[in-house]
Amino acid sequence: MKSNKRNRLNIGLTKLLAPALVATGLIVSGHVVAADEDTINIGFISPRTGPLASFGKTDGFVLEQARKALADGMTIQGKHYKVNILDRDSQSDPARAGQLAKELINQGVDLMLAVSTPEVINPVADAGEAAGVPTLSTVMPWEAWYYGRGAKPGQPSPFKWTYHFGFGTGEFYQTYMSQWALLDTNKKVGVMYPNDADGSAIRGALVPRFKEAGYTVIDPGAYETGTTDFSSQIAKFKAENVEIINTFPIPPDFAAFWRQAAQQGLNRQVKIIQVAKTGLFPADIEVLGSLGPKIASAAYWHKSFPYTSTLTGQNGTQLANLWEKETGEQWTQQLGATLSLLDAATESLKQAKNPKSHADVRDAIASLNVTTIGGKVDFTSGPVPNVSPGPIIGAQWVKGTGKHKLDYVITENVTDTNVPVSHKLLPYNR
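Following my numbering, the residues of the sequence shown are numbered contiguously, the last one being 446.
What follows is the structure in C-alpha coordinates.
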(Lines of atoms letter the chains of each structure in order from A and count residues from 1; the text may use other names and numbers.)
(Lines give C-alpha, C1' and ligand atoms only; values in the text may rest on other atoms or scores of the structure.)
Protein backbone atom coordinates (compact mmCIF):
# COMPACT_ATOMS: atom_id res chain seq x y z
CA MET A 1 0.00 0.00 0.00
CA LYS A 2 2.79 2.40 0.99
CA SER A 3 4.64 1.41 -2.18
CA ASN A 4 1.68 2.32 -4.37
CA LYS A 5 1.35 5.71 -2.64
CA ARG A 6 5.07 6.33 -3.14
CA ASN A 7 4.82 5.44 -6.84
CA ARG A 8 1.86 7.76 -7.33
CA LEU A 9 3.77 10.52 -5.54
CA ASN A 10 6.82 10.00 -7.78
CA ILE A 11 4.69 10.05 -10.92
CA GLY A 12 2.97 13.22 -9.71
CA LEU A 13 6.27 14.92 -9.00
CA THR A 14 7.63 13.94 -12.41
CA LYS A 15 4.59 15.46 -14.14
CA LEU A 16 4.86 18.58 -12.03
CA LEU A 17 8.56 19.02 -12.78
CA ALA A 18 8.40 17.92 -16.45
CA PRO A 19 8.51 21.42 -17.98
CA ALA A 20 11.60 22.31 -15.97
CA LEU A 21 13.24 18.98 -16.72
CA VAL A 22 12.64 19.37 -20.45
CA ALA A 23 14.00 22.92 -20.36
CA THR A 24 17.21 21.72 -18.71
CA GLY A 25 17.63 18.71 -20.96
CA LEU A 26 16.86 16.13 -18.27
CA ILE A 27 14.00 14.52 -20.18
CA VAL A 28 14.98 12.82 -23.45
CA SER A 29 12.32 11.01 -25.51
CA GLY A 30 10.04 10.74 -22.48
CA HIS A 31 12.68 9.34 -20.12
CA VAL A 32 14.25 11.09 -17.14
CA VAL A 33 18.03 11.00 -17.57
CA ALA A 34 21.03 12.68 -16.04
CA ALA A 35 22.23 15.72 -17.96
CA ASP A 36 25.79 15.28 -19.25
CA GLU A 37 27.56 18.59 -19.47
CA ASP A 38 30.79 16.81 -20.44
CA THR A 39 29.49 15.40 -23.74
CA ILE A 40 28.84 17.28 -26.99
CA ASN A 41 26.15 15.69 -29.15
CA ILE A 42 26.16 16.41 -32.89
CA GLY A 43 23.19 15.44 -35.05
CA PHE A 44 23.91 14.46 -38.65
CA ILE A 45 21.27 13.80 -41.33
CA SER A 46 21.93 12.72 -44.92
CA PRO A 47 20.28 10.60 -47.64
CA ARG A 48 21.83 7.14 -47.29
CA THR A 49 19.02 5.33 -49.13
CA GLY A 50 16.34 6.24 -51.67
CA PRO A 51 16.71 8.10 -54.99
CA LEU A 52 19.33 10.47 -53.52
CA ALA A 53 21.40 7.65 -52.01
CA SER A 54 24.39 8.36 -54.24
CA PHE A 55 24.92 11.56 -52.21
CA GLY A 56 25.02 9.65 -48.93
CA LYS A 57 26.94 6.60 -50.06
CA THR A 58 30.29 7.69 -48.62
CA ASP A 59 28.91 9.34 -45.49
CA GLY A 60 29.37 6.28 -43.28
CA PHE A 61 33.03 6.15 -44.22
CA VAL A 62 33.56 9.87 -43.61
CA LEU A 63 31.79 9.66 -40.27
CA GLU A 64 34.11 6.82 -39.33
CA GLN A 65 37.10 9.07 -40.09
CA ALA A 66 35.56 11.83 -37.99
CA ARG A 67 34.81 9.53 -35.07
CA LYS A 68 38.38 8.26 -35.07
CA ALA A 69 39.65 11.84 -35.00
CA LEU A 70 37.26 12.63 -32.13
CA ALA A 71 37.87 9.43 -30.17
CA ASP A 72 39.74 11.32 -27.47
CA GLY A 73 37.19 14.14 -27.42
CA MET A 74 37.84 17.87 -27.65
CA THR A 75 39.25 20.42 -25.23
CA ILE A 76 37.39 23.72 -25.53
CA GLN A 77 38.06 26.79 -23.40
CA GLY A 78 40.11 24.63 -21.05
CA LYS A 79 37.42 22.00 -20.53
CA HIS A 80 37.48 18.48 -22.00
CA TYR A 81 34.42 17.02 -23.71
CA LYS A 82 33.48 13.69 -25.20
CA VAL A 83 31.88 14.00 -28.66
CA ASN A 84 29.03 11.88 -30.02
CA ILE A 85 27.86 12.04 -33.63
CA LEU A 86 24.28 10.80 -33.97
CA ASP A 87 23.77 10.08 -37.68
CA ARG A 88 20.42 9.38 -39.32
CA ASP A 89 19.28 8.39 -42.82
CA SER A 90 16.59 10.61 -44.33
CA GLN A 91 15.84 7.91 -46.93
CA SER A 92 15.62 10.81 -49.43
CA ASP A 93 12.26 11.79 -47.89
CA PRO A 94 11.86 15.46 -46.88
CA ALA A 95 9.16 14.65 -44.31
CA ARG A 96 11.36 12.03 -42.72
CA ALA A 97 14.34 14.42 -42.69
CA GLY A 98 12.31 16.96 -40.75
CA GLN A 99 11.00 14.34 -38.34
CA LEU A 100 14.48 12.96 -37.69
CA ALA A 101 15.70 16.47 -36.96
CA LYS A 102 12.93 16.99 -34.42
CA GLU A 103 13.77 13.66 -32.76
CA LEU A 104 17.45 14.56 -32.50
CA ILE A 105 16.55 17.96 -31.12
CA ASN A 106 14.39 16.28 -28.48
CA GLN A 107 17.36 14.07 -27.63
CA GLY A 108 19.38 17.16 -26.83
CA VAL A 109 21.83 17.69 -29.70
CA ASP A 110 24.10 20.69 -29.30
CA LEU A 111 24.64 21.15 -33.03
CA MET A 112 22.68 19.86 -36.04
CA LEU A 113 24.29 19.04 -39.40
CA ALA A 114 22.59 18.30 -42.71
CA VAL A 115 24.16 17.53 -46.06
CA SER A 116 23.10 17.11 -49.69
CA THR A 117 20.12 18.56 -51.55
CA PRO A 118 17.11 20.69 -50.50
CA GLU A 119 15.09 17.52 -49.87
CA VAL A 120 17.30 16.86 -46.85
CA ILE A 121 18.71 20.20 -45.83
CA ASN A 122 15.70 22.52 -45.88
CA PRO A 123 13.40 20.50 -43.59
CA VAL A 124 16.28 19.91 -41.17
CA ALA A 125 17.15 23.61 -41.19
CA ASP A 126 13.51 24.55 -40.63
CA ALA A 127 13.34 22.22 -37.61
CA GLY A 128 16.56 23.69 -36.20
CA GLU A 129 15.32 27.24 -36.72
CA ALA A 130 11.99 26.53 -35.03
CA ALA A 131 13.67 24.90 -32.02
CA GLY A 132 16.52 27.37 -31.62
CA VAL A 133 19.20 24.76 -32.32
CA PRO A 134 22.30 25.83 -34.32
CA THR A 135 22.22 24.07 -37.68
CA LEU A 136 24.92 23.94 -40.34
CA SER A 137 24.61 22.50 -43.85
CA THR A 138 26.24 22.20 -47.26
CA VAL A 139 25.78 20.76 -50.80
CA MET A 140 22.87 22.58 -52.38
CA PRO A 141 22.63 26.00 -54.05
CA TRP A 142 22.52 28.56 -51.27
CA GLU A 143 19.70 30.46 -52.98
CA ALA A 144 17.45 27.39 -52.76
CA TRP A 145 18.32 27.26 -49.04
CA TYR A 146 17.97 30.97 -48.31
CA TYR A 147 15.14 32.14 -50.54
CA GLY A 148 13.57 28.70 -50.72
CA ARG A 149 12.95 28.92 -46.97
CA GLY A 150 11.33 32.33 -47.03
CA ALA A 151 14.07 34.96 -47.02
CA LYS A 152 13.42 37.99 -49.24
CA PRO A 153 15.96 39.87 -51.40
CA GLY A 154 17.11 43.09 -49.78
CA GLN A 155 15.45 42.31 -46.46
CA PRO A 156 17.08 41.23 -43.17
CA SER A 157 17.65 37.52 -42.77
CA PRO A 158 14.77 35.77 -40.99
CA PHE A 159 17.16 33.08 -39.76
CA LYS A 160 18.76 33.24 -36.34
CA TRP A 161 19.95 29.65 -35.91
CA THR A 162 20.63 28.17 -39.35
CA TYR A 163 23.71 28.57 -41.59
CA HIS A 164 24.70 27.16 -44.96
CA PHE A 165 27.93 27.16 -46.96
CA GLY A 166 28.81 26.26 -50.52
CA PHE A 167 28.11 27.09 -54.14
CA GLY A 168 25.34 29.28 -55.44
CA THR A 169 23.97 30.29 -58.81
CA GLY A 170 26.70 32.91 -59.13
CA GLU A 171 29.35 30.20 -59.02
CA PHE A 172 27.36 28.07 -61.46
CA TYR A 173 27.09 31.00 -63.83
CA GLN A 174 30.81 31.74 -63.74
CA THR A 175 31.67 28.08 -64.23
CA TYR A 176 29.26 27.56 -67.12
CA MET A 177 30.40 30.67 -68.92
CA SER A 178 34.01 29.56 -68.49
CA GLN A 179 33.30 25.94 -69.43
CA TRP A 180 31.10 26.64 -72.44
CA ALA A 181 33.56 29.16 -73.88
CA LEU A 182 36.06 26.34 -74.25
CA LEU A 183 34.16 25.03 -77.30
CA ASP A 184 32.76 26.72 -80.39
CA THR A 185 28.94 26.42 -80.31
CA ASN A 186 25.88 28.18 -81.74
CA LYS A 187 25.13 29.39 -78.17
CA LYS A 188 21.70 27.73 -78.12
CA VAL A 189 21.10 26.26 -74.66
CA GLY A 190 18.32 23.81 -73.88
CA VAL A 191 17.49 23.84 -70.16
CA MET A 192 15.99 20.94 -68.20
CA TYR A 193 14.96 22.26 -64.79
CA PRO A 194 12.60 20.29 -62.52
CA ASN A 195 9.67 21.66 -60.56
CA ASP A 196 11.50 21.70 -57.23
CA ALA A 197 13.51 24.08 -55.04
CA ASP A 198 16.71 23.63 -57.06
CA GLY A 199 14.94 23.99 -60.40
CA SER A 200 13.08 27.13 -59.38
CA ALA A 201 16.20 28.79 -57.96
CA ILE A 202 18.32 27.93 -60.98
CA ARG A 203 15.70 28.99 -63.53
CA GLY A 204 15.13 32.33 -61.85
CA ALA A 205 18.81 33.11 -61.36
CA LEU A 206 20.57 31.62 -64.38
CA VAL A 207 18.26 31.92 -67.38
CA PRO A 208 18.26 35.75 -67.42
CA ARG A 209 22.05 35.80 -67.08
CA PHE A 210 22.49 33.27 -69.89
CA LYS A 211 20.45 35.55 -72.13
CA GLU A 212 22.44 38.63 -71.08
CA ALA A 213 25.62 36.75 -72.00
CA GLY A 214 24.35 36.23 -75.54
CA TYR A 215 22.94 32.71 -75.27
CA THR A 216 19.56 31.72 -76.68
CA VAL A 217 17.70 29.74 -74.04
CA ILE A 218 15.24 27.04 -75.04
CA ASP A 219 13.11 26.24 -71.99
CA PRO A 220 10.34 23.64 -72.38
CA GLY A 221 9.13 24.39 -68.85
CA ALA A 222 9.47 22.72 -65.48
CA TYR A 223 8.93 18.97 -65.39
CA GLU A 224 7.88 16.87 -62.41
CA THR A 225 10.44 14.72 -60.66
CA GLY A 226 9.85 11.11 -61.62
CA THR A 227 8.82 11.93 -65.20
CA THR A 228 9.39 8.93 -67.47
CA ASP A 229 8.67 10.41 -70.93
CA PHE A 230 10.78 13.35 -72.13
CA SER A 231 9.76 13.16 -75.79
CA SER A 232 8.31 16.67 -75.93
CA GLN A 233 11.44 18.27 -74.48
CA ILE A 234 13.68 16.28 -76.80
CA ALA A 235 11.62 17.22 -79.86
CA LYS A 236 11.84 20.91 -78.93
CA PHE A 237 15.60 20.76 -78.45
CA LYS A 238 16.06 19.04 -81.80
CA ALA A 239 13.83 21.50 -83.62
CA GLU A 240 15.72 24.46 -82.13
CA ASN A 241 19.11 22.86 -82.93
CA VAL A 242 20.45 23.28 -79.39
CA GLU A 243 24.14 22.46 -78.99
CA ILE A 244 24.30 22.89 -75.20
CA ILE A 245 21.99 21.27 -72.66
CA ASN A 246 21.97 22.36 -69.02
CA THR A 247 20.22 20.07 -66.53
CA PHE A 248 19.48 19.85 -62.78
CA PRO A 249 17.60 16.53 -62.37
CA ILE A 250 17.93 13.74 -59.84
CA PRO A 251 19.95 10.78 -61.24
CA PRO A 252 17.06 8.51 -62.33
CA ASP A 253 15.39 11.33 -64.25
CA PHE A 254 18.55 12.25 -66.13
CA ALA A 255 19.23 8.62 -67.05
CA ALA A 256 15.73 8.36 -68.52
CA PHE A 257 16.08 11.66 -70.38
CA TRP A 258 19.50 10.99 -71.87
CA ARG A 259 18.70 7.44 -72.99
CA GLN A 260 15.61 8.75 -74.77
CA ALA A 261 17.64 11.61 -76.21
CA ALA A 262 20.06 9.08 -77.73
CA GLN A 263 17.21 6.97 -79.12
CA GLN A 264 15.80 10.06 -80.82
CA GLY A 265 19.16 11.35 -82.10
CA LEU A 266 19.50 14.46 -79.95
CA ASN A 267 22.90 13.39 -78.61
CA ARG A 268 24.44 13.65 -82.08
CA GLN A 269 23.88 17.42 -82.27
CA VAL A 270 24.84 18.27 -78.68
CA LYS A 271 28.38 19.50 -78.08
CA ILE A 272 28.02 20.07 -74.33
CA ILE A 273 25.67 18.13 -72.08
CA GLN A 274 26.10 19.88 -68.73
CA VAL A 275 24.70 18.13 -65.68
CA ALA A 276 24.28 19.12 -62.05
CA LYS A 277 22.69 17.27 -59.11
CA THR A 278 23.24 14.16 -61.22
CA GLY A 279 26.40 12.98 -62.92
CA LEU A 280 28.30 13.87 -59.79
CA PHE A 281 29.32 10.31 -58.98
CA PRO A 282 30.83 7.49 -61.06
CA ALA A 283 27.78 5.23 -60.71
CA ASP A 284 25.53 7.94 -62.22
CA ILE A 285 27.60 7.89 -65.41
CA GLU A 286 28.52 4.21 -65.57
CA VAL A 287 24.84 3.19 -65.77
CA LEU A 288 24.65 5.11 -69.06
CA GLY A 289 27.23 2.83 -70.70
CA SER A 290 28.60 4.31 -73.91
CA LEU A 291 26.47 7.45 -73.40
CA GLY A 292 28.42 8.41 -70.27
CA PRO A 293 31.88 9.54 -71.40
CA LYS A 294 32.28 13.24 -72.20
CA ILE A 295 29.31 14.36 -70.12
CA ALA A 296 30.29 17.69 -68.55
CA SER A 297 29.81 18.27 -64.86
CA ALA A 298 30.71 20.67 -62.06
CA ALA A 299 32.54 19.59 -58.93
CA TYR A 300 31.88 21.06 -55.51
CA TRP A 301 34.86 18.99 -54.39
CA HIS A 302 37.63 17.07 -56.15
CA LYS A 303 40.50 15.07 -54.75
CA SER A 304 42.88 17.58 -56.35
CA PHE A 305 41.59 20.43 -54.15
CA PRO A 306 44.79 21.67 -52.44
CA TYR A 307 43.35 21.78 -48.93
CA THR A 308 43.58 19.72 -45.74
CA SER A 309 40.90 18.66 -43.26
CA THR A 310 41.13 20.57 -40.00
CA LEU A 311 39.54 17.58 -38.26
CA THR A 312 41.38 14.53 -39.63
CA GLY A 313 44.52 16.09 -41.13
CA GLN A 314 43.88 14.34 -44.46
CA ASN A 315 44.30 16.01 -47.82
CA GLY A 316 42.07 15.17 -50.77
CA THR A 317 44.31 12.54 -52.30
CA GLN A 318 44.77 10.77 -48.97
CA LEU A 319 41.03 10.73 -48.31
CA ALA A 320 40.20 9.46 -51.80
CA ASN A 321 42.92 6.80 -51.75
CA LEU A 322 41.84 5.52 -48.34
CA TRP A 323 38.25 5.18 -49.54
CA GLU A 324 39.35 3.23 -52.60
CA LYS A 325 41.65 1.00 -50.54
CA GLU A 326 39.02 0.17 -47.93
CA THR A 327 36.01 -0.18 -50.24
CA GLY A 328 37.46 -1.13 -53.62
CA GLU A 329 35.25 1.55 -55.19
CA GLN A 330 36.11 4.77 -57.00
CA TRP A 331 36.31 7.97 -54.95
CA THR A 332 33.51 10.52 -55.20
CA GLN A 333 33.29 14.25 -54.59
CA GLN A 334 30.94 13.73 -51.66
CA LEU A 335 33.87 12.48 -49.57
CA GLY A 336 35.41 15.91 -49.25
CA ALA A 337 32.10 17.75 -49.13
CA THR A 338 30.87 15.81 -46.11
CA LEU A 339 34.23 16.06 -44.38
CA SER A 340 34.24 19.82 -44.97
CA LEU A 341 30.93 20.02 -43.08
CA LEU A 342 32.45 18.14 -40.15
CA ASP A 343 35.53 20.40 -40.35
CA ALA A 344 33.37 23.51 -40.14
CA ALA A 345 31.24 22.03 -37.38
CA THR A 346 34.11 21.06 -35.11
CA GLU A 347 35.91 24.35 -35.70
CA SER A 348 32.74 26.18 -34.68
CA LEU A 349 32.53 24.14 -31.49
CA LYS A 350 36.18 24.88 -30.72
CA GLN A 351 35.56 28.60 -31.08
CA ALA A 352 32.38 28.66 -28.98
CA LYS A 353 32.59 30.20 -25.53
CA ASN A 354 30.52 27.27 -24.30
CA PRO A 355 29.86 24.39 -26.75
CA LYS A 356 26.88 23.31 -24.63
CA SER A 357 25.19 26.67 -25.18
CA HIS A 358 23.08 26.88 -28.34
CA ALA A 359 23.55 30.64 -28.48
CA ASP A 360 27.32 30.41 -28.10
CA VAL A 361 27.62 27.75 -30.82
CA ARG A 362 25.39 29.84 -33.09
CA ASP A 363 27.57 32.88 -32.52
CA ALA A 364 30.71 30.86 -33.27
CA ILE A 365 29.26 29.71 -36.60
CA ALA A 366 28.27 33.28 -37.47
CA SER A 367 31.88 34.45 -37.03
CA LEU A 368 33.53 31.36 -38.54
CA ASN A 369 36.33 31.94 -41.05
CA VAL A 370 38.29 28.74 -41.66
CA THR A 371 39.77 26.71 -44.51
CA THR A 372 38.37 23.18 -44.63
CA ILE A 373 39.25 20.29 -46.93
CA GLY A 374 36.72 21.82 -49.33
CA GLY A 375 38.14 25.33 -49.18
CA LYS A 376 37.23 28.48 -47.26
CA VAL A 377 34.12 28.73 -45.12
CA ASP A 378 33.59 32.37 -44.15
CA PHE A 379 30.31 33.54 -42.64
CA THR A 380 31.62 37.04 -42.00
CA SER A 381 31.39 38.27 -45.59
CA GLY A 382 28.79 36.22 -47.43
CA PRO A 383 26.51 37.42 -50.24
CA VAL A 384 23.68 37.41 -47.67
CA PRO A 385 23.59 36.76 -43.92
CA ASN A 386 23.85 33.13 -42.77
CA VAL A 387 25.58 32.08 -46.02
CA SER A 388 29.19 31.44 -46.99
CA PRO A 389 29.75 30.93 -50.75
CA GLY A 390 31.90 28.14 -52.11
CA PRO A 391 33.42 27.00 -55.42
CA ILE A 392 31.98 24.87 -58.17
CA ILE A 393 34.66 23.67 -60.60
CA GLY A 394 34.16 22.74 -64.27
CA ALA A 395 34.74 19.03 -64.86
CA GLN A 396 34.10 16.24 -67.34
CA TRP A 397 33.79 12.46 -67.32
CA VAL A 398 36.20 10.78 -69.75
CA LYS A 399 37.15 7.19 -70.45
CA GLY A 400 39.39 5.88 -67.72
CA THR A 401 43.10 5.49 -68.34
CA GLY A 402 43.79 3.40 -65.24
CA LYS A 403 41.85 1.10 -62.94
CA HIS A 404 38.54 2.93 -63.33
CA LYS A 405 36.08 2.86 -66.23
CA LEU A 406 35.80 6.64 -66.05
CA ASP A 407 38.04 9.45 -64.85
CA TYR A 408 36.70 12.70 -63.46
CA VAL A 409 38.90 15.51 -64.76
CA ILE A 410 39.06 19.26 -64.14
CA THR A 411 38.59 21.46 -67.23
CA GLU A 412 38.31 24.95 -65.70
CA ASN A 413 38.74 26.64 -62.32
CA VAL A 414 37.31 30.16 -62.46
CA THR A 415 35.69 29.96 -58.99
CA ASP A 416 38.85 28.70 -57.27
CA THR A 417 42.07 29.18 -59.19
CA ASN A 418 43.98 27.20 -56.56
CA VAL A 419 42.47 24.04 -58.03
CA PRO A 420 44.64 22.79 -60.91
CA VAL A 421 43.15 22.34 -64.41
CA SER A 422 44.20 18.97 -65.84
CA HIS A 423 42.32 18.47 -69.16
CA LYS A 424 40.74 20.23 -72.12
CA LEU A 425 36.97 20.02 -72.49
CA LEU A 426 35.99 17.48 -75.17
CA PRO A 427 32.87 17.96 -77.38
CA TYR A 428 30.24 15.33 -76.63
CA ASN A 429 29.22 14.58 -80.21
CA ARG A 430 32.69 13.75 -81.50
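Ideal Cβ placement from N, Cα and C applies to all residues, glycine included.
A quick note: this is a predicted structure, and the numbers were derived from the prediction, not measured.
Quick one: is residue 208 buried, meaning 16 or more other Cβ sit within 10 Å of its Cβ, or exposed?
buried
Which partner residues of residue 409 appear in the DSSP bridge assignment? 315
**Prompt:** When the cut-off is 9 Å and only beta carbons count, does residue 242 lie next to chain B?
**Reply:** The question asks about chain B, but that chain is absent: this structure has only one protein chain.
- prompt: How many whole angstroms separate the CB atoms of residue 309 and residue 422, which I take to be in contact at a CB cut-off of 8 Å?
  reply: 7 Å
**OP:** For residue 335, I'd like the list of residues in its chain whose CB is within less than 6 Å of its CB, leaving aside the five on either flank, ordered along the chain.
**Re:** 351
- Item | Contacting residues, own chain, Cβ-Cβ under 8 Å from residue 217 (five flanking each side not counted) | 157, 159, 160, 163, 164 and 185
Enumerate in chain order the residues of its own chain whose CB-to-CB distance from residue 278 is below 7 Å, with the five nearest sequence positions on each side excluded. 307
- Task: Could you spell out where the beta strand (DSSP E) holding residue 151 opens and where it closes?
- Result: 151-154
Exercise. Which class does residue 48 belong to by DSSP, given the choice of helix, strand or coil?
Worked result: Below a pLDDT of 50, predicted positions are generally treated as unreliable, and residue 48, at 30, falls in that range; no measurement from the model is reported.
**Message:** Is it the case that the region 239-257 contacts the region 269-283, given that we only count it when at least three CB pairs across the two stretches are under 8 Å?
**Reply:** yes
Given a threshold of 16 other Cβ atoms within 10 Å of its Cβ, counted over all protein chains shown, does residue 64 qualify as buried or as exposed?
-> buried
request  = Check each candidate in 433, 125, 154 and 145 and name the one with the smallest Cα separation from residue 132.
outcome  = 154
Can you tell me the Cβ-Cβ gap for residue 232 and residue 203, rounded? I've got them flagged as a contact below 8 Å.
6 Å
- request: Taking only the alpha-carbon atoms, compute the straight-line gap between residue 298 and residue 281 and give it to the nearest angstrom.
  value: 24 Å
Subject >> Candidates 407, 311 and 265, of which the one nearest residue 322 by Cα >> reply: 407
Residue 152 vs residue 127 beta-carbon contact at 9 Å
yes
**Prompt:** Under the criterion of a Cβ to heavy atom distance below 8 Å, does residue 286 qualify as lining the ligand MG?
**Reply:** Here there are no bound small molecules, and the ligand MG is not part of this structure.
Shortest alpha-carbon distance to residue 168 belongs to which of 284, 400 and 240?
400
Which whole-angstrom value describes the C-beta separation of residue 283 and residue 240, a residue pair presumed to lie in contact below a C-beta threshold of 8 Å? Not really, about 23 Å apart at Cβ, beyond 8 Å.
Near residue 441, what residues of its chain come up, given a Cβ to Cβ distance below 8 Å and the 5 sequence neighbours on each side ignored?
195, 198, 199, 288, 312, 410, 412, 427 and 428
- Decide if the region 339-351 is in contact with the region 75-94; the criterion is three or more beta carbon pairs, one per stretch, under 8 Å apart. yes
One question on the structure: do residue 405 and residue 188 come within less than 9 Å of each other, judged by their Cβ atoms?
no
Note to self: Within 8 Å, do at least three Cβ pairs link the region 377-386 to the region 102-117?
What the structure shows: no
Practice prompt. For residue 431, count neighbouring Cβ atoms within 10 angstroms of its own Cβ and tell me buried if that reaches 16, exposed if not.
Written response: buried
task = With distances taken Cα to Cα, identify the nearest neighbour of residue 109 among 57, 61 and 355.
result = 61
Checklist entry - Helix, strand or coil: how does DSSP classify residue 114 here? => result helix
Worksheet item: With respect to the alpha helix (DSSP H) encompassing residue 192, which residues constitute its N-terminal and C-terminal limits?
Response: 185-196
When we look at the beta-carbon of residue 446 and count the other beta-carbons within 10 Å, is it buried (16 or more) or exposed?
-> exposed
field: Cβ neighbours of residue 59 in the same chain (closer than 6 Å, five flanking residues each side left out)
entry: 102, 120, 125 and 128
If you scan the region 266-316 from start to end, which runs of the alpha helix (DSSP H) of 4 or more residues do you find wholly inside it?
267-279 and 298-302
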